[in-house]
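J.: Could you have a look at this structure, given as structure tokens, before my questions?
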Amino acid sequence: MAPTHHAIDYVEITVADLATAEDFYARAFGWTFTDYGPSYAGFRTAGRDEEAGGLSVGEPPGPGGPLVLLFSDDLEATVSAVEAAGGRILRAPYAFPGGRRFHFADPSGTEMGVWAMS
Numbered sequence: 305m306a307p308t309h310h311a312i313d314y315v316e317i318t319v320a321d322l323a324t325a326e327d328f329y330a331r332a333f334g335w336t337f338t339d340y341g342p343s344y345a346g347f348r349t350a351g352r353d354e355e356a357g358g359l360s361v362g363e364p365p366g367p368g369g370p371l372v373l374l375f376s377d378d379l380e381a382t383v384s385a386v387e388a389a390g391g392r393i394l395r396a397p398y399a400f401p402g403g404r405r406f407h408f409a410d411p412s413g414t415e416m417g418v419w420a421m422s
């Protein structure tokens, strides 16, 4: 698929340890990776042939930055998968207009969210 003008095209997530992050995102969400050296890996998410983003070793951002939200067909199963993979639930599932969502921190402390339709 060709990139779309001004659309979000690629998301980079800063992580403290590449191997730990790859293990977490593979176990929690089924992502696959292409390693580009010791400090960077591209990732593919479900339903995408091309990379959706990358993991970059560095100092994870502090609170208050942009929040990336993933979609789930089964929010409770995703909460369990995040916890089993070593993530920490920051905000338990709650309702918002159009669905439900929760927030978690990955092993590096980066906050993300997951939402599902009502």
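Following our numbering, the numbering of the sequence shown begins with 305 at its first residue and continues without gaps.
A virtual CB, placed ideally from N, CA and C, is assigned to each residue, including glycine.
Note that the coordinates shown come from a computational prediction; the quantities given were computed from them, not determined experimentally.
Taking P364 as the reference, give the member of G346, I317 and V418 with the closest Cα.
T.: I317
J.: Nearest to R404 by CA position, among S412, P411, A385 and D377, is which residue?
T.: Nearest C-alpha to R404 among S412, P411, A385 and D377: D377.
J.: Starting from the Cα of H407, find the closest Cα among L359, V418, G413 and G334 and give me that residue.
T.: Residue nearest to H407 within the set L359, V418, G413 and G334 is V418 (criterion: CA-CA distance).
J.: Could you tell me whether the Cβ atoms of R474 and A381 are closer together than 9 Å?
T.: The requested residue 474 is not part of the displayed model; the chain covers only 305 to 422.
J.: Have a look at the DSSP bridge pairing and note the partners of H407.
T.: R395 and G417
J.: For the beta strand (DSSP E) containing D339, list its first residue and its last residue.
T.: Boundaries of the beta strand (DSSP E) harbouring D339: T336 to D339, taken from the DSSP string.
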